[in-house]
């Protein structure tokens, strides 16, 4: 149930076109559905503008399928993150209109066309090709939340001239997501180039002293450029969601 459907339902009751019993039946699933292994939040799209997102990691396919089936009843698009290839194929095959997005490690069930609800474009900047799965998770999340998104790939600080080539794209963005591993310096560089909010995503890509993403996390938290905020290691979903909220043109 989203705000549009609820408004139509209530207007129908007020106009005498929808029987009260029908309206009650339409609302009876709110606000959640209890399953043996999960309590599915069916009210989240109404509260926040996007349905509950399913973390696929450590969940067996049958549980993911059952949860997505409940969320799909609300009519919105459904996102499952952190899905490995074998699990993704099983889940996608079991659900109509679901697709395994292997490059983003996600399963998406699309039930309505994407619209542009943003004030401008979200730009995702990826330092290296090894960081791409996290960057594509951010892109997919922001797109599903009705934003125009551009992806700039492989422009890390080891070849800073590659980044400068995309200055016009960066300077015209509404929000920028910077995804980087190793030492994570790219977020500070981009933050020093443009007057846009930066959502930085440290990745676990790097050699031993990167400590699985801790080094870029600390580097981004200590960025000397103002306006850089940081999400958790490898959290492309969190960055995409935050950027979508920042970019949102109208309230839900």
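Residue numbers (my numbering): 34 to 285. All C-beta atoms in this analysis are idealised placements derived from N, C-alpha and C, irrespective of residue type, glycine included.
Query raised in the report: Since residue 235 is in the beta strand (DSSP E), which residue starts that stretch and which ends it?
Result: 231 to 235
Report task. Look up residue 142 in the DSSP assignment and say whether it is helix, strand or coil. Result -> strand
Report task. Kindly confirm or deny that the stretch 186 to 193 and the stretch 215 to 226 touch, where touching means at least three C-beta pairs closer than 8 angstroms. Result -> yes
Requested in this report: Could I get the ranges of all uninterrupted alpha helix (DSSP H) runs contained in the stretch 62 to 133, with 4 residues as the minimum, in chain order?
Outcome: Within the stretch 62 to 133, complete alpha helix (DSSP H) segments of at least 4 residues are found at 77 to 81, 94 to 105 and 118 to 127, given in chain order.
Query raised in the report: For residue 177, is the classification buried or exposed, using 16 other Cβ atoms within 10 angstroms of its Cβ as the cut-off for buried?
Result: That one is buried.
Query raised in the report: Does the distance from the C-beta atom of residue 233 to that of residue 154 stay below 7 angstroms?
Result: no
Query raised in the report: So what's residue 281 in DSSP terms, helix, strand or just coil?
Result: DSSP places residue 281 in strand when its eight states are reduced to three.
**Report entry** Best match in 259, 137 and 149 for proximity to residue 165 [C-alpha to C-alpha]
**Finding:** 137
**Report entry** chain C contact for residue 248 (CB, 7 angstroms cutoff)
**Finding:** This model lacks chain C altogether, as it is built from one protein chain only.
Query raised in the report: With C-beta atoms as the reference, is residue 267 less than 7 angstroms away from residue 236?
Result: yes
Report task. Could you tell me if residue 145 is buried or exposed, where buried requires 16 or more neighbouring beta carbons within 10 angstroms of its beta carbon? Result -> exposed
Report task. Inspect the beta-carbon positions of residue 175 and residue 273 and report whether they are closer than 7 angstroms. Result -> Their beta carbons are under 7 angstroms apart, which means residue 175 touches residue 273 by this criterion.
Query raised in the report: Are the stretch 245 to 265 and the stretch 276 to 284 touching, with three or more C-beta to C-beta distances below 8 angstroms?
Result: The count of Cβ pairs closer than 8 angstroms, one atom from the stretch 245 to 265 and one from the stretch 276 to 284, stays below three, leaving the stretches out of contact.
**Report entry** Three CB pairs or more closer than 8 angstroms across the stretch 104 to 119 and the stretch 82 to 93
**Finding:** yes
Query raised in the report: Is residue 151 helix, strand or coil by DSSP?
Result: Three-state result, residue 151: strand.
Query raised in the report: Which full runs of the alpha helix (DSSP H) of 4+ residues lie inside the stretch 152 to 226, going along the chain?
Result: 165 to 177, 193 to 197, 200 to 204 and 219 to 224
Query raised in the report: In this structure, does DSSP put residue 40 in helix, strand or coil?
Result: helix
Query raised in the report: Whose CA, out of 152, 131 and 163, lies closest to the CA of residue 182?
Result: Here the closest residue by C-alpha is 152.
Query raised in the report: What's the C-alpha gap between residue 56 and residue 277?
Result: 32 angstroms
Query - 7 angstroms Cβ cutoff met for residue 286 and residue 157 - result: Because the chain in this structure spans residues 34 to 285, residue 286 falls outside the shown range and cannot be described.
**Report entry** Supposed close pair residue 94, residue 66 - CB separation, criterion 8 angstroms
**Finding:** 19 angstroms between Cβ atoms; not a contact.
Query raised in the report: If you check the beta carbons only, do residue 286 and residue 210 fall under 7 angstroms apart?
Result: This structure gives no information on residue 286, because the portion of the chain shown stretches from 34 to 285.
Query raised in the report: From residue 91 to residue 132, what distance separates their C-alpha atoms?
Result: 19 angstroms
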